[in-house]
Amino acid sequence: MARRHFPSDFLWGVAAASYQVEGAAREDGRGQSIWDTFSRTPGAVLHGHTGDVSVDQYHRYHEDAGLMKDLGVGSYRFSLAWPRIQPLGRGDFNSRGFDYYKRLCDALHQRGIAAAATLYHWDLPQPLEDAGGWPHRDTAYRFAEYAQACFTELGSHVDLWITLNEPWCSAVLGYHEGVHAPGRKDLSAAWAASHHLLLGHGLALQAYREQSNLSENPIGITLNIDTPRPATQDPQDVLAADRAMDLRTRMYFDPLFGRGYPERHFEAYPGETPPEVKDGDMDLIAGKLDFLGLNYYFEPVMAFDPEHPEGFRIAPGYHETTAMGWPITPRGLYRQLAWVARETRGECPLYITENGCAMDDSLSDDGLRCKDPRRVQYLRDHFSAALDALEEGVDLRGYFVWSLIDNFEWALGYTKRFGIIYADYINQRRVPKDSYYYLREVISGSEEL
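First residue of the sequence shown: 20, per our numbering; consecutive thereafter.
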C-alpha cells in the first residue's frame, strides 16, 4: 500500500482563544468581558476558576511561538480580545491592545508562521452586554466598527481572518441554556442573538471588502455544525436526525449560503418570538466567503422522541469517549466534510479550524514527559478521515489542532486538558506531550497515515 500524506501546501496549524490563554486580564487598558463577569458568578464556573492568569500567553508569547516553530506548523489561530482592543465595546480604541497583537504576529512571522486571527471568540465587552448584548441589534453594528478598526490596524499583520467562532455557542449556550457567559436563559433572546451575530459577520465582511488598502488575504467564519447520524433507518429516526440539524446547523449554515433560516424550527416553539429580520440583512449575511471553518469534535446519534418539540433525542452509542464524555467518531468528520462539500457544491474552500480532545493527562514522575497515547490515536484517526475526504475531492485547505496548550475550558475551568502541550498552572512550565511530537512527525511527512 502506498504511503499516504497530505499535500505539501496543506496548512497545518494549532489554535487557542484569547480569554482561554492570554491572562493579563487587568493590564494595559484591557476592559472587562462577559467572561470576566461570568467566571465570578458563584456556581457558574467549576471551582470558581477564572481566566485572569491562565497560561499567561500575553507575557509568554515568544516562548509559545518558539514551541510552534519547533512543531513545524504553518499557522497559529488565535483570537483578538475585543475588550483589550476597545475596552467599552464602543468609542475609543486601546493602542496598547493593538500593539500586543502586532507583537504576537511579528513573533509568529519571524518564525515563518502565519497569523490566523479570529475577531470574536466569545469575550464580549461587558458594557455591551449591559446595553442588551447580542440579542440587541446595535451590538452587530458595534462589532462591525470594532472589526473595521482591526482590519485597519492589523491588516498588514494578519494573514487569515475569521469573523466569528461558533456563533451557536455564543447564542444558545450563552442566551438560552445559560451555561456560558452571559448566563441568560431565554430562547427568543438566543434566536435574536443568532441573527445579530450573523449580521455582525455580514457587516464585518462588507467592511473588509470595502477597504481597498487591505491585502487579498482570505476571510471566513467558523461554525461548529452538527451532522448527526440516525440511530436506525426507521423513517422517524431519519427525520429526527434531520430535524436535529435545524438549530445547530441550518440556523447558521443556511443563511451564510443564501437559504434563510429553517422556519420549521421557529414553528416548533409557538410561544417564542423569531428574530426580526430587516430588509438587506440576509444579503449581508450571505456575502461571499473565502472559506468556511469547521470545528469538529464528535458526531451525535439521534432517535425519534415524540415528547420533544422537534421530535428528536440524543441516542446512546458504543464509542469510547473523551474526558468531556464526547464519543470518539472520526468517520463522522469524513461524513461532515462530504456533507458540506455537497451542500456548497464544492465552491467554498474548507479548513478544519478546531479538532482535538480532552484527556486525563498527567506528567511523568520526573516532570519531563507527558504520555497521551489516546490523544495520539484520536488525532491519527481524524487525520486519516480528513485525508480520505481530501483524496475524494473535498477542497480541504488546512487543519488546526485544538489546542496548542492546556487552558481555561470555559465553564469547566482548568479541569479539562485539550492541549498538545501540558501547562503547569502553578509555575507556567510548558511540557510538550507525545501528541505534540506525533503532530510534528505528521507535518514533516515522516509519519504514515
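Idealized CB from N, CA, C, for every residue including glycine.
Find the nearest neighbour of residue i within the set the options, judged by alpha-carbon distance.
i, options, result
"residue 434", "39, 370 and 33", "39"
"residue 239", "439, 424, 416 and 35", "416"
"residue 383", "207, 272, 371 and 451", "451"
"residue 277", "426, 212 and 301", "301"
"residue 214", "295, 268 and 180", "295"
"residue 229", "443, 163, 461 and 71", "163"
"residue 217", "169, 160, 237 and 205", "160"
"residue 107", "50, 139 and 121", "50"
"residue 77", "67, 118, 53 and 31", "118"
"residue 241", "347, 262 and 267", "267"
"residue 181", "333, 201, 219 and 340", "219"
"residue 324", "291, 338 and 263", "263"
"residue 32", "132, 173, 151 and 360", "132"
"residue 310", "149, 86, 90 and 368", "368"
"residue 441", "375, 256 and 388", "388"
"residue 340", "376, 307, 86 and 327", "376"
"residue 270", "211, 259 and 23", "211"
"residue 62", "197, 313 and 349", "197"
"residue 55", "150, 199, 168 and 94", "199"
"residue 274", "259, 290, 287 and 308", "308"
"residue 71", "109, 44 and 87", "44"
"residue 328", "288, 66, 365 and 224", "288"
"residue 224", "183, 255, 258 and 189", "183"
If I'm right that residue i touches residue j with Cβ under 8 angstroms, what's the distance once you round it to whole angstroms?
i, j, result
"residue 47", "residue 130", "Going by Cβ atoms, the distance from residue 47 to residue 130 rounds to 24 angstroms, so no, they are not a contact pair."
"residue 449", "residue 82", "7 angstroms"
"residue 305", "residue 353", "Contact doesn't hold; Cβ gap of about 27 angstroms is too wide."
"residue 103", "residue 113", "7 angstroms"
"residue 201", "residue 279", "Actually they do not touch by this definition, with Cβ atoms about 28 angstroms apart."
"residue 226", "residue 272", "With a Cβ gap of about 22 angstroms, residue 226 and residue 272 do not count as contacting."
Excluding sequence positions up to five away, which residues of its chain have a Cβ less than 8 angstroms from the Cβ of residue i?
i, result
"residue 357", "408, 411 and 413"
"residue 64", "57, 58, 429, 430, 431 and 432"
"residue 100", "37, 38, 41, 49, 52, 116 and 142"
"residue 80", "122, 123 and 126"
Enumerate in chain order the residues of its own chain whose CB-to-CB distance from residue i is below 6 angstroms, with the five nearest sequence positions on each side excluded.
i, result
"residue 155", "none"
"residue 265", "281 and 284"
"residue 124", "134 and 176"
"residue 457", "395"
"residue 466", "460"
"residue 345", "316 and 317"
"residue 390", "453"
"residue 75", "42 and 447"
Please go through the same chain and pick out, in chain order, the residues whose beta-carbon is closer than 7 angstroms to the beta-carbon of residue i, but skip the five residues on each side of it.
i, result
"residue 73", "39, 40, 41, 42, 426 and 427"
"residue 363", "276"
"residue 206", "195, 288 and 291"
For residue i, verify whether its CB is less than 7 angstroms away from any heavy atom of the ligand GTP.
i, result
"residue 140", "With respect to small molecules bound, the structure shown includes none, and the ligand GTP cannot be examined in it."
Checklist line | Every unbroken alpha helix (DSSP H) within the segment 123-163, with a cutoff of 4 residues, ordered by chain | finding: Listed in chain order, they are 145-149.
Check: Would you call the segment 374-393 and the segment 142-158 in contact, with 3 or more CB pairs under 8 angstroms?
Finding: They do not touch, by the three-pair rule.
Next item on the list: Could you pull out every unbroken alpha helix (DSSP H) segment of at least 4 residues lying fully inside the segment 37-75, listed in chain order?
Entry: Fully enclosed alpha helix (DSSP H) runs of 4 or longer: 37-40 and 53-57.
Notebook entry, point to check: Can you list the beta strand (DSSP E) stretches of 3 or more residues lying completely in the segment 212-287, in chain order?
Noted result: 238-242, all fully within the segment 212-287.
Notebook entry, point to check: Is it true that the segment 242-253 meets the segment 317-330, where meeting means three or more beta-carbon pairs spaced less than 8 angstroms apart?
Noted result: These segments touch.
Next item on the list: Give, in chain order, every unbroken run of the alpha helix (DSSP H) that is at least 4 residues long and sits entirely within the segment 180-206.
Entry: Fully enclosed alpha helix (DSSP H) runs of 4 or longer: not present.
Notebook entry, point to check: What beta strand (DSSP E) runs, 3 residues minimum, are completely inside the segment 326-393?
Noted result: With a minimum length of 3 residues, the continuous beta strand (DSSP E) runs that stay inside the segment 326-393 are 331-333 and 369-373.
Notebook entry, point to check: Whole alpha helix (DSSP H) runs in the segment 85-124 with 4 or more residues, listed along the chain?
Noted result: Taking only runs of at least 4 residues, the alpha helix (DSSP H) segments lying wholly in the segment 85-124 are 101-104.
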